[in-house]
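Chains as they are written, first to last, in this note's numbering: chain H, 4 to 106; chain B, 4 to 396.
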């Protein structure tokens, strides 16, 4: 599903796939995880710890931390500041981050 | 059309001003808060939200203890959960001399009615298993705690407005009007307002407000840094205070707040400096090594306001009838905010307050030097801390 991307006059890098909660999402080299997920129609990137409310990309420039996801097991990773890489494993963040030394 | 008139005008929309307004409005006074920007824009909104009672000059203790009673009451009455919790405070001790000093402080504060204990290293570990570093023990005061300062201010402001207080935001005071040797009102960016009583609760800007009335307020703004981590599962328990390593607490949201103590700055310099962030984070990691891999998501600064004897300035202004001041809380402003409101309201209404705060009077600075020297064992540290900054690295 790539119809949310501008098609004309844009030169894209290599096409590859990333994983979101186990499903396959198309991404292009140079895109952030947030860009790839937005293009795929995914707007909920995390849920708030207390009330479980959905949150997604808001500022898009790394300031607001609303787009925190788990990338390859690392929680509190900003989807808008992290480039998609082939096969990277993204999970919707359901909780908090973790301290060093914790499982 | 008559001129806008109130019983009391309060300059400053921080915790002190809003709290004074709340208690006066509750007592039936017609009050108005003037804030040059928006509520909580300055020190209150940038505060770490610690609500401590310990490790202060002796006159502060009964007032800080009263504030804790009021915080409990305000939370119960509030329509907004401002996250006030009594999760205790641990003040870590580093050297034998420091231990002796803190033990003496515990004796004094217990005599003053505060529940506090000196804990050895093992007992400290039991309360804060994640702690490391070369501390020898700690002072534990279980009734200390914290609140979310922006929410607490908002809650109190809403309560004040419900009681009839008027809030003028983005309204800057430009002058104080004096008629026949007493206050008659103020001039503001939005026109004049009449009142026979004016309270200067303008925090870091209170000396500037004082100058408008020809009153010298010997207070100095210092810059404090606060660093915020990503959200983490709850692991901290009590607030951790240290004399040389800053202070930290974990908010209910999971973010850890790392505070770096107040330092004098030129002017109102709000910059976040490398110096402060690197020192504060390295020190935090000495005490809680597992913070090392955690990300900081923001850092900001705010001003606390200090006097030469490290006591607040609160009470009437002798030179001008009708003018009062409540400022320079020397880092304790958020913690004691509700007590400041209650006591100032009592003073304004009855001429005396239920807890004495003569030690805070502005006219103490008029006495010749040498006669002032109050007994300030706890405050020597704080004064010393400013001078020794940078040496221990």
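Virtual Cβ for every residue (Gly too), placed ideally from N, Cα, C.
Worksheet item: What residues in the stretch 230 to 247 of chain B bring their beta carbon closer than 7 Å to a beta carbon of chain H?
Response: Within the stretch 230 to 247 of chain B, the residues whose Cβ lies closer than 7 Å to some Cβ of chain H are 233, 234, 235, 236, 238, listed in chain order.
Discussion item. Tell me which residue opens and which closes the alpha helix (DSSP H) that residue 123 of chain B is part of.
Written reply: Here residue 123 of chain B is taken as the residue at index 120 of the second chain, counted from 1. According to the DSSP assignment, residue 123 of chain B belongs to no alpha helix (DSSP H) but to the beta strand (DSSP E) extending over 120 to 123.
Discussion item. With three or more C-beta pairs closer than 8 Å as the rule, is the stretch 344 to 359 of chain B touching the stretch 304 to 311 of chain B?
Written reply: Verdict: no, contact absent.
Worksheet item: Rounded to whole angstroms, how far is the Cβ of residue 299 of chain B from the Cβ of residue 245 of chain B, which I believe are closer than 8 Å?
Response: By 1-based counting over the second chain, the position of residue 299 of chain B is 296. By 1-based counting over the second chain, the position of residue 245 of chain B is 242. Wrong, their Cβ atoms sit about 19 Å apart, outside the cutoff.
Item to complete: Indicate the three-state DSSP secondary structure (helix, strand or coil) for residue 315 of chain B in the structure shown.
Response: Position 312 of the second chain, counted from the start, is the residue given in the question as residue 315 of chain B. Look at residue 315 of chain B here: in three-state DSSP terms it is coil, with no helix or strand label.
Discussion item. Looking at the ligand COA, does it come within less than 7 Å of residue 11 of chain B, judged from the CB to the closest heavy atom?
Written reply: The ligand COA is not among the ligands present in this structure, which contains no ligands whatsoever.
Practice prompt. Taking C-beta pairs closer than 9 Å, name the residues in chain B that residue 102 of chain H reaches, listed in chain order.
Written response: By one-based count along the first chain, residue 102 of chain H stands at place 99. Think of a sphere of 9 Å around the beta carbon of residue 102 of chain H: the chain B residues whose beta carbon falls inside it are 133, 235, 236, 238, 291, 293, 294, 296, 297, in chain order.
Worksheet item: Which residues bound the beta strand (DSSP E) around residue 259 of chain B?
Response: On the second chain, residue 259 of chain B is found 256 positions in, with the first residue counted as 1. Unbroken beta strand (DSSP E) run through residue 259 of chain B: 258 to 267.
Worksheet entry | Candidates B:255, B:145, B:35, of which the one nearest residue 109 of chain B by Cα | In the second chain, counting from the first residue as 1, residue 109 of chain B sits at position 106. Of the listed residues, the one whose Cα sits closest to residue 109 of chain B is B:145.
Worksheet item: According to DSSP, what are the bridge partners of residue 29 of chain H?
Response: Counting from one through the first chain, the residue named residue 29 of chain H turns up at place 26. Per DSSP, H:20.
Fill in: Distance between residue 148 of chain B and residue 91 of chain B (C-alpha atoms, nearest Å)
Position 88 of the second chain, counted from the start, is the residue given in the question as residue 91 of chain B. Position 145 of the second chain, counted from the start, is the residue given in the question as residue 148 of chain B. CA-CA distance, residue 91 of chain B to residue 148 of chain B, rounds to 5 Å.
Worksheet item: Which residue from H:29, H:8, H:96, H:26 puts its Cα closest to that of residue 56 of chain H?
Response: Counting from 1 along the first chain, the entry for residue 56 of chain H is found at position 53. Closest in C-alpha terms to residue 56 of chain H, from the list H:29, H:8, H:96, H:26, comes H:96.
Fill in: residue 144 of chain B - partner residues in DSSP beta bridges
To locate residue 144 of chain B, count along the second chain from 1; it is residue 141. Within the DSSP bridge table, the entry for residue 144 of chain B names B:92 as partners.
Worksheet item: How about residue 40 of chain H: is its C-beta nearer than 8 Å to some C-beta of chain B?
Response: Here the question's residue 40 of chain H lines up with position 37 in the first chain. It does not; no Cβ of chain B falls within 8 Å.
Worksheet item: Expressed to the nearest angstrom, what Euclidean distance is found between the alpha-carbon atoms of residue 157 of chain B and residue 344 of chain B?
Response: Within the second chain, the letter at position 154 stands for residue 157 of chain B. Within the second chain, the letter at position 341 stands for residue 344 of chain B. Rounded to whole angstroms, residue 157 of chain B to residue 344 of chain B spans 15 Å at the Cα level.
Worksheet item: Grouping DSSP H, G and I as helix and E and B as strand, with all else coil, what is residue 60 of chain B?
Response: Here residue 60 of chain B is taken as the residue at index 57 of the second chain, counted from 1. Coil.
Discussion item. Can you confirm whether residue 57 of chain H, when its beta carbon is compared against all beta carbons of chain B, has any partner nearer than 8 Å?
Written reply: Sequence index remark: in the first chain, residue 57 of chain H carries index 54 (1-based). For residue 57 of chain H, the nearest beta carbon of chain B is not closer than 8 Å to its own beta carbon.
Practice prompt. Examine chain H for any beta-carbon lying closer than 8 Å to the beta-carbon of residue 257 of chain B, and answer yes or no.
Written response: Looking up residue 257 of chain B in the second chain gives position 254. Against chain H, the CB of residue 257 of chain B has a partner CB under 8 Å away; the residue lies at that interface.
Worksheet item: Can you tell me the Cα-Cα spacing of residue 235 of chain B and residue 201 of chain B, whole angstroms?
Response: Locating residue 235 of chain B in the second chain gives position 232, counting from the first residue. Locating residue 201 of chain B in the second chain gives position 198, counting from the first residue. Cα to Cα, the separation comes out at about 45 Å.
Worksheet item: Does the stretch 201 to 219 of chain B come within contact of the stretch 172 to 187 of chain B, defined as at least 3 CB pairs closer than 8 Å?
Response: The stretch 201 to 219 of chain B, when compared against the stretch 172 to 187 of chain B, does touch it at the 8 Å Cβ threshold.
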